[in-house]
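Asks:
Residue numbers (our numbering): 75 to 325.
1. Residue 127 by DSSP, collapsed to three states: which one?
2. Please determine if the segment 84-100 and the segment 129-141 are in contact, where contact requires at least 3 C-beta pairs separated by less than 8 Å.
3. On a CA-only basis, which of 288, 108, 87 is nearest residue 238? Give me that one, please.
4. Go ahead and label residue 206 buried or exposed: buried means 16 or more other beta carbons lie within 10 angstroms of its beta carbon, across all protein chains shown.
5. Compute the distance between the beta-carbons of residue 197 and residue 213, then report whether it is under 8 Å.
6. Which residues in the same chain have their Cβ closer than 8 Å to the Cβ of residue 93, if we skip the five residues on either side of it in sequence?
7. Alpha helix (DSSP H) containing residue 282: first to last residue?
8. Once you ignore the five residues that flank residue 138 on each side, which residues in its own chain have a CB closer than 6 Å to its CB?
9. Out of 235, 305, 245, 285, which has the shortest C-alpha to C-alpha gap to residue 276?
10. Put residue 304 into one of helix, strand or coil per three-state DSSP.
11. Rounded to the nearest angstrom, what separates residue 320 and residue 284 at their Cα positions?
12. To the nearest angstrom, how far is the alpha carbon of residue 278 from that of residue 202?
13. Measure the beta-carbon distance from residue 167 to residue 179 and round it to whole angstroms, keeping in mind my assumption that it falls under 8 Å.
14. Measure the alpha-carbon distance for residue 308 versus residue 236 and round it to whole angstroms.
15. Taking all protein chains shown into account, decide if residue 317 is buried (16 or more other Cβ within 10 angstroms of its Cβ) or exposed.
16. Looking only at C-alpha atoms, which of 181, 306, 163 sits nearest to residue 242?
17. What is the residue span of the alpha helix (DSSP H) that residue 210 lies within?
18. Looking at the unbroken alpha helix (DSSP H) that takes in residue 170, where does it start and where does it end?
19. Distance check for residue 247 and residue 281, CA to CA, integer angstroms please.
20. Starting from the C-beta of residue 286, find all residues in its chain whose C-beta is less than 8 Å away, skip the five residues before and the five after it, and write them out in chain order.
Put into structure tokens, the structure is as follows:
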């Protein structure tokens with residue numbers, strides 16, 4: 075199998091060991107990004123078929139982001155503590171810059187090499203994590219009156235209408251991902267041309283809408299039937315789904 079070929083192949087074994095050591099310090103993604111091995115989707119020694127440590131790339135991106143972004147945000151927002159609009163603009167600018175960098179890397183001549191850089195490097199993937207930060211600052215109440223309005227329970231009609239609109243947006247984003255998945259299997263050039271930008275925009279927007287919808291509390295009445303809203307959030311909060319989510323990362 076692939077593991078046997080890794081042991082017999084000196085280059086694959088060396089890549090395997092180096093990736094494992096890099097993963098210990100949160101740098102596996104950087105090592106994988108600069109290796110001419112076909113990338114995450116390729117068939118070289120750095121691919122998932124030969125190197126189980128390849129999956130640690132995401133931990134590297136997250137750890138680097140959690141170290142760099144708070145410092146950058148603090149330094150950039152020092153003069154904007156009482157100006158929430160400036161903070162939101164800074165977060166938006168950082169996200170746009172990261173997405174632009176990802177797209178720029180994808181425009182390199184070789185799709186696979188471009189995909190490796192755009193896929194693995196933290197600066198080109200930071201925009202996906204910044205989307206969560208943007209949601210946080212966007213939902214932050216603006217002033218004492220806004221805080222009181224946020225603490226107050228909105229009218230039932232407004233509550234279920236907001237939940238329904240956000241849920242339709244969430245399902246729309248996830249549904250639009252299906253044709254992209256088909257395209258991925260049909261063409262190897264999908265990698266490096268559509269992903270991460272713009273294909274990853276859909277799951278990011280869908281997830282942001284899902285989080286913005288909150289944990290429920292609204293319901294839509296159709297005659298004697300009461301439908302809890304948001305439906306998707308309510309379904310995913312059931313014990314079997316929560317249990318599967320707890321196991322999913324390790325699996």
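Each residue gets a CB set at the ideal place from its N, CA and C atoms; glycine is no exception.
Replies: For this structure:
1. helix
2. yes
3. 288
4. exposed
5. no
6. Same-chain partners within the cutoff: 102, 105, 106, 120, 125, 127, 128, 130.
7. 275-286
8. Correct list, in chain order: 196.
9. 245
10. coil
11. 18 Å
12. 6 Å
13. Going by Cβ atoms, the distance from residue 167 to residue 179 rounds to 19 Å, so no, they are not a contact pair.
14. C-alpha of residue 308 to C-alpha of residue 236: approximately 15 Å in a straight line.
15. Exposed, by the Cβ-count rule.
16. 306
17. 196-213
18. 158-180
19. 9 Å
20. 209, 213, 240
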